[in-house]
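Asks: My structure is below; once you've seen it, I'll send some questions.
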């Protein structure tokens with residue numbers, strides 16, 4: 016798929032830290048309960064750390080106690096894209112990517128009983144996003 020923001024591997028490596036690159040461009044996962052936004056309650060907008068696209072808003076963030084920031088809905092229905100992820104044998108998941116640059120953000124899970132309006136949990140790596148606090 017062609018993205019609005021496309022860069023060479025060398026350009027991404029020059030822009031991102033090693034850990035940002037591992038998560039965003041190689042579909043890695045940061046360790047649970049280590050990300051800077053796991054427990055934050057600051058109001059604002061979450062953007063893709065790679066390209067700056069708006070992804071989520073703080074009013075859709077909720078406490079899931081899973082170890083990563085959780086949201087029940089993207090800021091815009093076109094902000095993210097999903098695709099099947101069969102990288103863990105016997106445990107199919109749905110990967111979440113930034114629709115603007117194709118960077119890996121995390122995974123989305125349905126039907127877990129959190130009582131959110133969408134019954135979805137977008138489980139997102141803190142290192143994949145940047146919070147711009149509301150003024």
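In my numbering, the protein residues as written are 16 to 150.
Ideal Cβ placement from N, Cα and C applies to all residues, glycine included.
For residue 129, does the three-state DSSP call read helix, strand or coil?
Replies: Coil, per DSSP.
Asks: When DSSP labels each residue in this structure, what does residue 36 get in the three-state scheme?
Replies: Of the three classes helix, strand and coil, the one that applies to residue 36 here is helix, per DSSP.
Asks: I need the straight-line Cα distance from residue 105 to residue 141, nearest angstrom please.
Replies: Going by the C-alpha atoms only, they are around 26 Å apart.
Asks: Once the 5 residues before and after residue 51 are set aside, which same chain residues still bring their CB inside 7 Å of it?
Replies: Cβ neighbours of residue 51 beyond the five flanking positions: 141.
Asks: Does the Cβ of residue 136 have 16 or more other Cβ atoms within 10 Å, making it buried, or fewer, making it exposed?
Replies: The residue is buried, with at least 16 neighbouring Cβ atoms inside 10 Å.
Asks: Identify every residue that forms a DSSP beta bridge with residue 148.
Replies: 59.
Asks: Based on Cα-Cα distance, which residue from 79, 97, 66 and 107 lies nearest to residue 134?
Replies: It is 79.
Asks: Mind checking residue 57: buried by the 16 CB within 10 Å criterion, or exposed?
Replies: Counting Cβ neighbours within 10 Å, residue 57 comes out exposed, since fewer than 16 surround it.
Asks: Under the three-state reduction of DSSP, which class applies to residue 74: helix, strand or coil?
Replies: In this structure, residue 74 counts as helix in the three-state DSSP scheme.
Asks: Within 10 angstroms of its Cβ, does residue 99 collect 16 or more other Cβ (buried), or is it exposed?
Replies: That one is exposed.
Asks: How should residue 103 be labelled, buried or exposed, when 16 other C-beta atoms within 10 angstroms of its C-beta is the threshold for buried?
Replies: It is exposed - the Cβ of residue 103 has fewer than 16 other Cβ atoms within 10 Å.
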